[in-house]
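Residue numbers (this note's numbering): 225 to 425. Note that CB positions come from ideal geometry on N, CA and C, so glycine has one too. So the structure is just underneath, and the comments pick up after that.
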């Protein structure tokens with residue numbers, strides 16, 4: 225492996241006289257696409273995300289505005305089908321406020337017809353939203369970060385399961401910074417609106 229020009233070695237750790245651990249990867253130009261990759265699914269999601277009514281989209285999700293009579297994507301339970309994220313709140317439930325701090329970082333306020341009250345959903349990649357963390361990272365926090373450009377928030381996880389370089393499974397405290405992160409779009413000055421990179425006004 226060390227003599228293979230398509231392999232990029234990062235570290236080599238001796239385990240014993242006969243065994244070593246090699247951390248490596250292949251540069252992007254050396255990777256051959258798998259035959260099981262379904263480009264059509266990715267294209268379908270992206271095509272749906274090009275609507276002007278879209279508030280947020282990512283690889284597998286779209287959040288958009290809807291007025292009576294407007295087209296709505298079909299939903300289903302199979303691979304490639306869209307699922308209704310607010311169906312669990314009862315039929316006729318509506319998102320009344322939505323805020324996003326970047327990819328895989330959003331929250332919304334929904335009026336639930338089931339409970340006849342407002343409920344909140346917050347999704348943040350990389351942060352476990354247990355009871356303690358949900359007191360710090362929630363709809364109101366994200367809304368404040370986006371609208372008021374508030375200071376970064378810190379999240380402390382007491383027991384984060386991880387592994388070291390010798391693959392021992394450990395449980396240790398971890399502190400993470402929670403902030404808005406627009407990596408795929410640029411935010412307009414003095415506005416909450418974003419545009420794709422390369423888009424000209």
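- Note that the C-beta distance between residue 416 and residue 400 is not below 8 Å.
- With contacts defined as CB atoms closer than 8 Å, residue 403 and residue 376 qualify as a contacting pair.
- Look at residue 356 here: in three-state DSSP terms it is helix.
- In this structure, DSSP gives residue 418 an extended state, which the three-state scheme calls strand.
- Annotation for residue 318: 310, 334, 335 place their beta carbon closer than 8 Å to its own, counting only its chain and skipping 5 residues before and after.
- Its Cα nearest to that of residue 249, the residue 225 stands out among 259, 238, 239, 225.
- For residue 368, the enclosing alpha helix (DSSP H) covers residues 363-371.
- Residue 347 and residue 328 have their C-alpha atoms some 7 Å from each other.
- The C-beta distance from residue 350 to residue 405 rounds to 10 Å, too long to meet the 8 Å contact threshold.
- CA-CA distance, residue 371 to residue 266, rounds to 31 Å.
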